[in-house]
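Student: Chains V and X supply the protein sequences, listed in that same order. Going by the working numbering, the first sequence opens with residue 22, and the numbers climb by one from there. Going by the working numbering, the second sequence opens with residue 22, and the numbers climb by one from there. For each residue, glycine too, the CB sits at the ideal point set by N, CA and C. One structure, as structure tokens, below. Some questions next.
2 protein chains.
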Amino acid sequence: MTRRGRQTRTRIVEATADLVLVKGVRATTLDDIRAATGASRSQLFHYFPGGKAELVRVVAVRQTERVLEAQRLLLDRLDTWEALHRWRDAVVAAQRDRQCAGGCPLGSLASEVAEHDERARALMDSAFDQWQGLLTSGLRAMQDRGELRADAGVEDLALALLASLQGGLLLAQTARTTKPLEAALDAALAHLESLALRRPTHKA
Amino acid sequence: MTRRGRQTRTRIVEATADLVLVKGVRATTLDDIRAATGASRSQLFHYFPGGKAELVRVVAVRQTERVLEAQRLLLDRLDTWEALHRWRDAVVAAQRDRQCAGGCPLGSLASEVAEHDERARALMDSAFDQWQGLLTSGLRAMQDRGELRADAGVEDLALALLASLQGGLLLAQTARTTKPLEAALDAALAHLESLALRRPTHKA
DNA sequence: TGCATTATGGACTGCGTAGTCCACTACACC
DNA sequence: GGTGTAGTGGACTACGCAGTCCATAATGCA
């Protein structure tokens, strides 16, 4: 594959990721992608011989990279209670900016794909697994520094935190308010803080 | 509408609800419904002049009734810690029985419909609202009996619990394991118990 | 420069699916 | 028992969309 080919392929993947983010997998047609990229029909099948299904799987991987990258920025040095609360605020603000449309980029994708494409489902499973890992290592860092009880199961806590986020986003998407998201994250963080060794200092 | 008409209409709604539960909205075609009910094409449009979209909305209402009814049975007398844990176990068991396929009947529906049909979105919003109300009144009963701190915001707690459930189910559906669901619910219940006045007696 | 390989354009096909139409049947009510 | 309204059957239409094909253009390489 030549330089130009790689560029075209990349352009297709990025544009499709954007479209899927906004419209969902089902509602994103090959014609939409054509319109957004200027690519022709045959190019789509040239670069993704498996057709739309293959393209969707590549987009799933790309979308995972995007989200984890953004999370990494937010979660970098996630080893303080302040950082956790900043993360909470950032997630809520991001959802508000989108007018609560679309839910979680990965969650919506997973939900749309899980029962329909086994390979894509596995990719989303891996995506959540990596996300959980990101959260886990942050909590473990806090544990190592003595801010979290040593007997706290950080992996399960990270999983629960991720679930609260996903559920909160789904309810927020449905209600078109960030309120459920805030309630979910606040409860999850409160639970974490109840496992703190020293009481968090930044709160009342 | 005569007795026979009502029967046919009911048959269509019930069968479609079953199909949507298993296959999702998108994958359920009018031909599927025809096959499942023996109804003819024109009957579908006779009873639901708005076509598939209208039928889906009626099914959303029906599905909400079904879930809330089942929840009511599980949550009846949800005023003890034991009842909460029985509820947790029942939800996990139900998901395991389904091989973790399909997520939450209401959550999946909401996710599939929220960005595509405003009226259906509003129905699902109302569904979650009712569900939250069910959980809230249980928690409030516990509060009234002095088992939960009086300053606990039961409505937010109920919302957070619902979010944990939804997120846990989504992750379980994606991972094909009940583990995320268990982690999510256990963390949510642990948080509630940290707000108990007297320590729950049924646990260690 | 010439040949092979890769990239691109766009017409064409086929299919699944929602929705329409009209003829026919059964039932309720007078 | 006749008449009208509700119920039923199924062929037919329209259309959006995935996927195929082949011709042409650009690019890399010797």
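(1) Return helix, strand or coil for residue 81 of chain V, following the three-state DSSP convention.
(2) How should residue 50 of chain X be labelled, buried or exposed, when 16 other C-beta atoms within 10 angstroms of its C-beta is the threshold for buried?
(3) Secondary structure at residue 169 of chain X, three-state DSSP: helix, strand or coil?
(4) Please name the residue in X:132, X:175 and X:171 whose C-alpha comes closest to that of residue 157 of chain X.
(5) Decide if residue 163 of chain V is buried, meaning its Cβ has at least 16 other Cβ atoms within 10 Å, or exposed.
(6) For residue 92 of chain X, which option in X:142, X:117 and X:111 has the closest C-alpha, if you only look at C-alpha atoms?
(7) Can you find the residues in the same chain that come closer than 6 Å, C-beta to C-beta, to residue 148 of chain X, ignoring five residues on each side of it along the sequence?
(8) Compare the C-beta of residue 217 of chain V against all C-beta atoms of chain X and say whether one is closer than 8 Å.
(9) For residue 121 of chain V, I'd like the list of residues in its chain whose CB is within less than 7 Å of its CB, leaving aside the five on either flank, ordered along the chain.
(10) Sort out for me which residues DSSP pairs residue 217 of chain X with in a bridge.
(11) Among V:101, V:54, V:185 and V:138, whose alpha-carbon lies nearest the alpha-carbon of residue 78 of chain V?
(12) Could you list which residues in chain X have their beta carbon closer than 7 Å to that of residue 72 of chain V, in chain order?
(13) Would residue 184 of chain V pass as a contact of residue 132 of chain X if the rule is Cβ separation under 8 Å?
(14) Based on Cα-Cα distance, which residue from X:130, X:218 and X:152 lies nearest to residue 170 of chain X?
(15) Tell me whether residue 150 of chain X sits in a helix, a strand or coil according to DSSP, three-state version.
(16) Who are the Cβ neighbours of residue 108 of chain X in its own chain at under 8 Å, not counting the five residues just before and after it?
(17) First and last residue of the alpha helix (DSSP H) that includes residue 189 of chain X?
(18) Under 8 Å between beta-carbons, which chain X residues line up against residue 27 of chain V? List them in chain order, please.
(19) Decide if residue 81 of chain V is buried, meaning its Cβ has at least 16 other Cβ atoms within 10 Å, or exposed.
(20) I'd like the list of long-range same chain contacts for residue 88 of chain X, defined as Cβ closer than 6 Å, with 5 residues on each side in sequence excluded.
(21) For chain X, check one thing: does any of its Cβ atoms lie closer than 8 Å to the Cβ of residue 119 of chain V?
(22) Quick check: what's the CA-CA separation for residue 57 of chain V versus residue 44 of chain V?
(23) By the three-class DSSP mapping on this structure, what secondary structure does residue 123 of chain V have?
(24) Shortest alpha-carbon distance to residue 152 of chain V belongs to which of V:205, V:136, V:141 and V:180?
(25) Which runs of the alpha helix (DSSP H) fall wholly inside the stretch 40–71 of chain X and span at least 4 residues, in chain order?
(26) Which residues in chain X have a C-beta closer than 7 Å to the C-beta of residue 146 of chain V? List them in chain order.
Tutor: Considering the structure as presented:
(1) On the first sequence, residue 81 of chain V is found 60 positions in, with the first residue counted as 1. Three-state DSSP puts residue 81 of chain V in a helix.
(2) Position 29 of the second sequence, counted from the first residue, corresponds to residue 50 of chain X. Residue 50 of chain X is exposed by the Cβ-count criterion.
(3) As a working mapping, residue 169 of chain X is identified with position 148 in the second sequence. If DSSP states are grouped into helix, strand and coil, residue 169 of chain X belongs with the strands.
(4) Residue numbering aside, residue 157 of chain X sits at position 136 when the second sequence is read from its first letter. Checking every option, the nearest Cα to that of residue 157 of chain X belongs to X:175.
(5) Start at 1 with the first residue of the first sequence, and residue 163 of chain V comes out as number 142. Residue 163 of chain V is buried by the Cβ-count criterion.
(6) To locate residue 92 of chain X, count along the second sequence from 1; it is residue 71. Comparing Cα positions, the closest option is X:111.
(7) Indexing the second sequence from 1 puts residue 148 of chain X at position 127. Once the five neighbours on either side are set aside, the close Cβ partners of residue 148 of chain X are 85 and 127.
(8) If you number the first sequence from 1, residue 217 of chain V lands on position 196. It does not; no Cβ of chain X falls within 8 Å.
(9) For this step, residue 121 of chain V is matched to residue 100 along the first sequence. Excluding sequence neighbours, residue 121 of chain V sits near 193, 194, 197, 198 and 199.
(10) In the second sequence, counting from the first residue as 1, residue 217 of chain X sits at position 196. BP columns for residue 217 of chain X point to X:169.
(11) For this step, residue 78 of chain V is matched to residue 57 along the first sequence. Of the candidates V:101, V:54, V:185 and V:138, the one whose C-alpha sits nearest the C-alpha of residue 78 of chain V is V:138.
(12) In the first sequence, the residue the question calls residue 72 of chain V occupies position 51. The contacting residues do not exist; residue 72 of chain V stays about 18 Å from chain X at best.
(13) Working through the first sequence from its first residue, we reach residue 184 of chain V at position 163. Working through the second sequence from its first residue, we reach residue 132 of chain X at position 111. No, the Cβ-Cβ distance between residue 184 of chain V and residue 132 of chain X is not below 8 Å.
(14) Here residue 170 of chain X refers to the residue found at position 149 of the second sequence. Here the closest residue by C-alpha is X:218.
(15) If you number the second sequence from 1, residue 150 of chain X lands on position 129. Helix.
(16) Here the question's residue 108 of chain X lines up with position 87 in the second sequence. Taken in chain order, the residues that qualify are 95, 96 and 99.
(17) Looking up residue 189 of chain X in the second sequence gives position 168. From DSSP, the alpha helix (DSSP H) with residue 189 of chain X extends over 175–196.
(18) Here the question's residue 27 of chain V lines up with position 6 in the first sequence. Result: empty, since nearest Cβ-Cβ is about 31 Å, beyond 8 Å.
(19) Taking the first sequence and counting its residues from 1, the one referred to as residue 81 of chain V is at position 60. With 16 or more Cβ atoms within 10 Å of its Cβ, residue 81 of chain V is classed as buried.
(20) As a first step, residue 88 of chain X is located in the second sequence; it is residue number 67 there, counting from the start. The answer, listed in chain order, is 126 and 127.
(21) For the purposes of this step, residue 119 of chain V is taken as residue 98 along the first sequence, with counting starting at 1. Chain X contact via Cβ: absent.
(22) Working through the first sequence from its first residue, we reach residue 57 of chain V at position 36. Working through the first sequence from its first residue, we reach residue 44 of chain V at position 23. About 13 Å.
(23) Counting from one through the first sequence, the residue named residue 123 of chain V turns up at place 102. Correct three-state label for residue 123 of chain V: coil.
(24) Stepping through the first sequence from its first residue, residue 152 of chain V is reached at position 131. For residue 152 of chain V, the nearest C-alpha among the options comes from V:180.
(25) 51–58 and 62–68
(26) Here residue 146 of chain V refers to the residue found at position 125 when the first sequence is read from its first residue. Near residue 146 of chain V (Cβ distances below 7 Å), the residues of chain X are 195 and 196.
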